[in-house]
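J.: In the UniProt record's numbering, the protein residues as written are 1 to 95.
Glycine residues also receive a C-beta, built at the ideal position from the N, C-alpha and C atoms.
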Amino acid sequence: RVRQADANDIDAVTDVLIAAMPGDKDWWDYRFANRLRHAEDHRKYFRVLVEAWLSAPYSQDWTLVVAEVYDEETEVWLIGAYAAWDVAYVNFRKF
1 RVRQADANDI DAVTDVLIAA MPGDKDWWDY RFANRLRHAE DHRKYFRVLV EAWLSAPYSQ
61 DWTLVVAEVY DEETEVWLIG AYAAWDVAYV NFRKF
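(1) Under the rule that 16 or more other beta-carbon atoms within 10 Å means buried, what is Y82, buried or exposed?
(2) Where DSSP assigns a beta bridge to T14, which residues make up the other side?
(3) To which residues does DSSP link Y82 through a beta bridge?
(4) Who are the near neighbours of D86 in its chain, counting only those whose CB is closer than 8 Å to its CB and skipping five residues on each side?
(5) Give every residue of the same chain whose Cβ lies closer than 8 Å to the Cβ of I18, excluding the five residues on either side of it in the sequence, and list them in chain order.
(6) Around the Cβ of T74, are there at least 16 other Cβ atoms within 10 angstroms (buried) or fewer (exposed)?
(7) Excluding the five sequence neighbours on either side, which residues of its own chain have a C-beta within less than 6 Å of the C-beta of G80, listed in chain order?
(8) Taking the alpha-carbon of R1 as reference, which of S55, W77, W53 has the nearest alpha-carbon?
(9) Cβ atoms of V65 and A5: under 8 Å apart, would you say?
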């Protein structure tokens, strides 16, 4: 199912963001060369970024949606992907 993300999704979206990016080796290795050595700092930075995406005034610039899949074993909906929709960049210079 797909729904609009909210503040309760910050940690799960952060996890998806970090898990998805290593596939782009050229960019990821160059931009975050020390991510494995400083994993806690790396995660903290991305969590702050996701939190900003979902907070005013930046949340006026886009709609962050998540796609969830149901885990039958745990009987819980898990976020498997996210996307930004209706990107406007009203606050682009502030970010």
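T.: According to the data block:
(1) On the sequence shown, residue 82 is found 82 positions in, with the first residue counted as 1. Counting Cβ neighbours within 10 Å, Y82 comes out buried, since at least 16 surround it.
(2) Taking the sequence shown and counting its residues from 1, one reaches residue 14 at position 14. In the DSSP output, where bridge partners are listed per residue, T14 has none listed.
(3) Residue 82 sits at position 82 when you count from the first residue of the sequence shown. According to DSSP, residue pairing for Y82 in a beta bridge involves V66.
(4) Indexing the sequence shown from 1 puts residue 86 at position 86. Correct list, in chain order: W62, T63.
(5) Counting from 1 along the sequence shown, the entry for residue 18 is found at position 18. Result list for I18: H42, R43, F46, in chain order.
(6) As a position in the sequence shown, residue 74 is number 74, starting the count at 1. Per the 10 Å Cβ criterion, exposed.
(7) Position 80 of the sequence shown, counted from the first residue, corresponds to residue 80. Closer than 6 Å at Cβ, skipping near neighbours: A67, V69.
(8) As a first step, residue 1 must be located in the sequence shown, where it is residue number 1. If we check each option's Cα against that of R1, W77 comes out closest.
(9) Here residue 5 refers to the residue found at position 5 of the sequence shown. Here residue 65 refers to the residue found at position 65 of the sequence shown. Yes.
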